[in-house]
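Peer 1: Numbering-wise, this note's numbering comes out as the position in the sequence shown, counting from 1, plus 1327. Glycine is no exception: its CB is placed at the ideal position from the N, C-alpha and C atoms.
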Amino acid sequence: MAKKVLLCSIVIVLNFFSFSAAELGWWEDASLYQIYPRSFKDNDGDGVGDLKGITSKLDYLKDIGITAAWLSPIYKSPMSDFGYDISDFYDIDPLYGNLDDFDALIAKAKSIGLKIILDFVPNHSSDECIWFQKSVNRTEGYENFYVWADGRGEDPENPGKQLPPSNWTSDFGGTAWTWNDQRQQFFLHQFQPKQPDLNFRDENARATMLNVLKFWLDRGIDGFRIDAIPYFFETLNENGTYTDEPVSGETSDPNSNKYLKHLYTRDQPENVGLIAEWRQFVDNYTREHGGDERILFAEAYSPLEALDNYFGNETHPAAHFPFNFDLMYLNKDSNARDLEDKVNNWMDTIWKKHKSANWVIGNHDNPRIGDRIGKDNKDNINMVVLALPGSPVTYNGEEIGMDDVPDACSNDPCDFRDPERTPFQWDNTTSAGFSDSNKTWLPVAKDYKCNNVKIQQGQERSSLNIYKGMQKLKTTAAFKAFKEEGAWKYGALNDQVFQIIRNNTNEEYRILVNLGSDLETVGPLCNSIDTSLCFMEYKLVTKNSPHNIGDLANLTSIQLTPHEGIVLGRTTE
Ligand code: GLC
1328 MAKKVLLCSI
1338 VIVLNFFSFS
1348 AAELGWWEDA
1358 SLYQIYPRSF
1368 KDNDGDGVGD
1378 LKGITSKLDY
1388 LKDIGITAAW
1398 LSPIYKSPMS
1408 DFGYDISDFY
1418 DIDPLYGNLD
1428 DFDALIAKAK
1438 SIGLKIILDF
1448 VPNHSSDECI
1458 WFQKSVNRTE
1468 GYENFYVWAD
1478 GRGEDPENPG
1488 KQLPPSNWTS
1498 DFGGTAWTWN
1508 DQRQQFFLHQ
1518 FQPKQPDLNF
1528 RDENARATML
1538 NVLKFWLDRG
1548 IDGFRIDAIP
1558 YFFETLNENG
1568 TYTDEPVSGE
1578 TSDPNSNKYL
1588 KHLYTRDQPE
1598 NVGLIAEWRQ
1608 FVDNYTREHG
1618 GDERILFAEA
1628 YSPLEALDNY
1638 FGNETHPAAH
1648 FPFNFDLMYL
1658 NKDSNARDLE
1668 DKVNNWMDTI
1678 WKKHKSANWV
1688 IGNHDNPRIG
1698 DRIGKDNKDN
1708 INMVVLALPG
1718 SPVTYNGEEI
1728 GMDDVPDACS
1738 NDPCDFRDPE
1748 RTPFQWDNTT
1758 SAGFSDSNKT
1768 WLPVAKDYKC
1778 NNVKIQQGQE
1788 RSSLNIYKGM
1798 QKLKTTAAFK
1808 AFKEEGAWKY
1818 GALNDQVFQI
1828 IRNNTNEEYR
1838 ILVNLGSDLE
1848 TVGPLCNSID
1858 TSLCFMEYKL
1868 VTKNSPHNIG
1878 DLANLTSIQL
1888 TPHEGIVLGR
1898 TTE
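#1: Just how far apart, CA to CA, sit R1699 and Y1387?
#2: Check H1691 in the structure and name its three-state DSSP category.
#3: From the DSSP output, in three-state form, read off Q1460 for me.
#4: Applying the 10 Å Cβ sphere with the 16-neighbour rule, what's the burial state of F1542?
#5: Could you compute how far the alpha carbon of Y1910 sits from the alpha carbon of L1525?
#6: Tell me, which residues are paired with H1451 by DSSP?
#7: With respect to the beta strand (DSSP E) encompassing P1719, which residues constitute its N-terminal and C-terminal limits?
#8: So, D1408 versus Q1517, is the Cβ gap smaller than 7 Å?
#9: Cα-Cα, which of P1873, Y1775, R1533 is closest to Y1469?
#10: Between which residues of its own chain and G1796 is the CB-CB distance below 6 Å, once the five residues before and five after are set aside?
#11: Alpha helix (DSSP H) containing E1597: first to last residue?
#12: Could you have a look at R1744 and say whether DSSP puts it in helix, strand or coil?
#13: Tell me the rounded alpha-carbon separation between Y1794 and I1391.
#14: How would you label W1673, buried or exposed, when you count the other beta carbons within 10 angstroms and need 16 or more for buried?
#15: Which first and last residues belong to the alpha helix (DSSP H) in which V1539 is found?
#16: Any chance the CB of A1555 is under 6 Å from a heavy atom of the ligand GLC?
#17: By the DSSP assignment, the beta strand (DSSP E) with Q1784 in it spans what residues?
#18: Measuring only the C-alpha atoms, how far is L1895 from Y1865?
#19: Can you tell me where the alpha helix (DSSP H) with E1864 in it begins and where it stops?
#20: Which class does R1837 belong to by DSSP, given the choice of helix, strand or coil?
#21: Taking the straight line between their C-alpha atoms, what separation do you get for I1727 and F1751?
#22: Out of curiosity, what's the CA-to-CA distance linking D1675 and S1629?
#23: With burial defined as no fewer than 16 other Cβ atoms inside 10 Å of the residue's Cβ, what is the status of S1336: buried or exposed?
#24: Under a three-way DSSP split, which group does D1619 fall into?
#25: Which one of D1356, H1890, N1693, Q1784 has the shortest CA to CA distance from P1873?
#26: Roughly how many angstroms lie between the CA atoms of R1748 and E1620, to the nearest whole one?
#27: Residues in its own chain within less than 6 Å of D1428 by CB, not counting five upstream and five downstream?
#28: Take the Cβ of Y1417 as the centre, count every other Cβ of all protein chains shown within 10 Å, and call the residue buried at 16 or more, exposed below.
#29: Determine, using beta carbons only, whether N1707 comes closer than 7 Å to chain B.
#30: Grouping DSSP H, G and I as helix and E and B as strand, with all else coil, what is Y1794?
#31: From the DSSP secondary-structure annotation, give me the bridge partner or partners of W1475.
#32: Quick check: is any heavy atom of the ligand GLC less than 6 Å from the C-beta of Y1402?
#33: Are the beta-carbon atoms of V1732 and A1772 separated by less than 7 Å?
#34: Just to confirm my understanding: we take N1704, look at its own chain, exclude 5 residues before and 5 after, and list those with CB closer than 7 Å. What are they?
#35: Just the Cα atoms here: how many angstroms apart are R1606 and A1436?
#36: Which of helix, strand or coil does DSSP assign to V1894?
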């Protein structure tokens, strides 16, 4: 049982900042959680996750403190890019269930106060989508629904074949243009050839996407994660041609997406206007239908200036926020100073201007935390993102420290992102409790018998319980008061130890993590002459900590064992 430290001296009270927590939008410090539907929970035993499976696990998300779950695409799709290639924007893929299952999911989420966000993938559809078929056939209203262009003339090396309209490369490598025999033109695809890009200069394409938003909002969702926003528009010359992009010098491989400097195909100014149009639509929707604000989060691996633009401006707001992926670039060599630099990147620019912060630390497109930053620092990183002001974004499985499964392979060739997409580890039964079947679409991690939710629920210092402990702290006044001047502080105390301080009138928390593999001593972290503020209580400790919850810490000097993470707290009443 934790001892409570009651420090009632008036001096101490005066030393704390006094805040009245400003009215916050629910999303401003929401704990967000990404569900990868194929891998979360399989209800029908076919080895692929589904909606009924997700519904059966929503209580778990509530229990671990999640505000809103965003679902990677669940729409009808040939699954060439596992749902990011949508063939029917108005229906659920049968692999995942049907619209009734979706309605049941929403009803359950509402009954427990959990918000649901859907992935909105407007940049492209599947080539199997009826809109694309119509566009190929130049059906009235669909002639320009996609980005079509004539070739640049006959390719001297391939007689009878046309040269593509520009040298642009797709994000997955290779040319971004594919010839369509029937239409006798090229179509643009910033991703796979099976993912043709919509043309948002076309009225019908724009109007159709508003219908899609409305369709899902009407089914009760709380907003959208908008996919691939940098790719919406490409610069089109007045004469209808496209300009080649210059070589970047970053790689000599002409097929790599890094080969060119994407001056005309990424982060074009029109993108912001399009998102602002959607923002106006969802804001009106909230006004007309009441209820909590419907939100738009946006996915862009773009420079900060572009991310700044994606917020829009006061008269034309665009995304509620673009995701901040900067922490994803930390690696096994990164130390506390690198972490501080990354946090500064956002706080010194975007926070200053928009008073908005969010921290993505994993997703279905990148290796898991342990594999990227180091297995010994998984809990520390979770602690940091949950302690920083704003919204943490957790990818399913990171709360129990799931690892990549290096030999996971879904196809021939394997998708390079398969290792981080393996089935969720619920317990130690068949297929980690993910599925009744022992054949799952990707293999279950070998360590699942000793690393799963059930086991971790019973271990006081498990990753899951650290995660839950941090979520609980997020509900305290000290964490809630994050928009006021002085409500938080962060920084590297030396090369390896990173500290975050959160406080309010009568509460202070210090989160300290040692990212390195040596014993570290930091301090004094208090006034060493007036030592009345030097004592705090251990509130949370990682598994390797020699301390117990309830122990007293003396801030004049704090020792952290290798990779130890701690939360110290002090309350005055
Ligand atoms: C986004 C998705 C990724 C997908 C791509 C194309 O980046 O996160 O998984 O492949 O868009 O839709």
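Peer 2: Let's see:
#1: 26 Å
#2: coil
#3: helix
#4: exposed
#5: Lying before the first or after the last residue shown, residue 1910 is absent from the chain, which here runs from 1328 to 1900.
#6: D1524
#7: 1718-1722
#8: no
#9: R1533
#10: Excluding its 5 nearest sequence neighbours in each direction, G1796 has C-beta neighbours in its own chain below 6 Å: L1867, listed in chain order.
#11: First-last of the alpha helix (DSSP H) with E1597: 1596-1616.
#12: coil
#13: 8 Å
#14: buried
#15: 1530-1545
#16: yes
#17: Element bounds for Q1784: not the beta strand (DSSP E) but the alpha helix (DSSP H), 1780-1784.
#18: 5 Å
#19: No alpha helix (DSSP H) holds E1864; the beta strand (DSSP E) holding it covers 1862-1868.
#20: The DSSP-derived three-state label of R1837 is strand.
#21: 10 Å
#22: 17 Å
#23: Only weak support is given to the placement of S1336: the predicted model assigns it a pLDDT of 31, under 50, and the value that follows is read from those uncertain coordinates. Result: exposed.
#24: coil
#25: H1890
#26: Approximately 31 Å between the Cα atoms of the pair.
#27: Contacts found: L1378, K1379.
#28: Exposed is the label assigned to Y1417, since fewer than 16 other Cβ atoms lie within 10 Å of its Cβ.
#29: Absence of chain B from the displayed structure is noted, only one protein chain being present.
#30: helix
#31: F1514
#32: It does not: the Cβ of Y1402 is nowhere closer than 6 Å to a heavy atom of the ligand GLC.
#33: yes
#34: L1842, H1890
#35: 24 Å
#36: strand
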